[in-house]
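Here the working numbering is used: position 70 in the sequence shown is 950, and no number is missing along the way.
Note that the Cβ used here is the ideal one computed from N, Cα and C, for glycine as well.
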Amino acid sequence: MDFGVVLQTNPPAARVVQLAQLAEAHGFGHVWTFDSHLLWEEPYVIHSAILANTHRVSVGPFVTNPATRDWTVTASVFATLNEMYGNRTVCGIGRGDSAVRVTGGRPTTLRELRDAIHVIRELGNSRAVEYNGTTLQFPWSHGSSLEVWVAAYGPLALKLAGEVGDGFILQLADVDIAAWMIRTVRDAAEAAGRDPDSLSFCVAAPMYIGDDTTHMREQCRWFGGMVGNHVADIVAKYGQGADSPGGGVVPEALTSYIAGRTGYDYNTHGKADNDHVDFVPDEIVDRFCVLGSAEEHIAKLTQLKDLGVTQFAGYLQHDSKEETLRVYGETVIPALREHVTAKR
């Protein structure tokens, strides 16, 4: 299992770069950042600084979208970073949440997402692509390599991830829900004639090493609110726990908790002091996040690894960033690597 860290690009940007360096030193293989250009600083500028000040980590947005950025510009960013720093970028992409909602927009359609993935991946891999009736290719890009990982929750989005994604991003660490979603993506990949084992499967959630359960929950309750935004869209489309047109049932464990959701303020999106997440119960925080001692983290991540998860990406929007990174580097990451070796 690989490990990533998910950072917000809050000022000062030098602090984000410092945390990326620390993550690399502790054995993390990926550094991801939020991409919401009004709420936080421009991630791609900071990605360049991270790549310039690290040696091996791969860097990318978690996640970008097809609505707020021109697809060809997005592809150009990745191809440029790859030329400057070697092929150390990865594109996480979804339909759009905070980046589009704070500007009064809406998430894109799945068709738009599918088309954007194709354009970004082809151009980002130094290949030609048809776009708006024109054949486009970067004449200056040679040998660029870019994977596109798709963030999804709903059945049809999961199907798309399996059909066209190089990887799948699931932003919650509930073992039962992860099992359902990974199976859905793998089935879609196989039905499309793809090898499911060729895809990367990334589970992302807040990771907090500590022993004060109440405090850890309060620091990470924001995550249930963030996931709730996507769940609300799913419930509006399919109904709560209803059979979906994409096949399968949306798990009740994913949908039931949003019944008390009355609103959401994106000004505190992704922050420990989010004041619009009182509807998120302790049980959901515990299920969606990875909290507790190193042994508790290892136990839960082992379950996820056994489901086929190839990367765990931990959010660090809390007050114990350095300590969590240290314990992961010294204890959690080595234990999961030993587990992988033992299973072979």
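Is residue i helix, strand or coil by DSSP?
i	result
G884	strand
P1214	helix
T1093	helix
Q1100	Looking at the sequence itself, residue 1100 is Cys, so the reference to Gln does not match. Here C1100 sits in helix by DSSP.
H998	helix
A903	helix
H1177	helix
How would you label residue i, buried or exposed, when you count the other beta carbons within 10 angstroms and need 16 or more for buried?
i	result
W1102	buried
N1012	exposed
M1106	buried
R975	buried
D915	buried
V896	buried
Taking 6 Å as the limit between beta carbons, can you name the residues of its chain near residue i, skipping five residues before and five after?
i	result
V1189	F1081, V1083
R1167	D1054
E992	P946
Q1017	A1008
P1019	none
Grab me the residues of residue i's own chain with a C-beta within less than 8 Å of its C-beta, minus the 5 sequence neighbours each way, in chain order.
i	result
R1066	G1042, P1076, L1079, G1188
H998	V1009, V1044
I973	P941, V943, T944, N945, P946, L993, A996, I997, I1000, V1028, W1029, V1030, A1031
Pick from the options: whose alpha carbon is nearest that of residue i?
i	options	result
D1199	I1178, C1169, M1096, R1217	M1096
P891	L902, L918, W951	L918
C971	D1046, V885, R1007	D1046
R1206	E921, A905, A893, A894	A905
L1196	E1027, V1044, A1032, A1085	A1085
R968	V1170, V911, L887	V911
A1215	E1203, E1202, A1174, G1194	A1174
G1023	F958, F1159, V937	F958
L887	E1202, E1210, T1211, E1218	E1202
Which same chain residues end up closer than 7 Å to residue i when comparing Cβ atoms and leaving out the 5 residues on each side of it in sequence?
i	result
L1184	A1053, V1055, A1058, V1083, F1192
V1165	R1097, C1100, R1101, G1104
E1241	Within the shown structure, residues of the chain are numbered from 881 to 1224, placing residue 1241 beyond reach of any answer.
Quiz item: Of all the alpha helix (DSSP H) runs that stay within the bounds of the region 921-982, which reach a length of 4 or more residues?
Solution: 923-932, 951-965, 978-981
Quiz prompt | Start-end ranges of the beta strand (DSSP E) lying completely within the region 1017-1071, minimum 3 residues | solution = 1027-1031, 1047-1050
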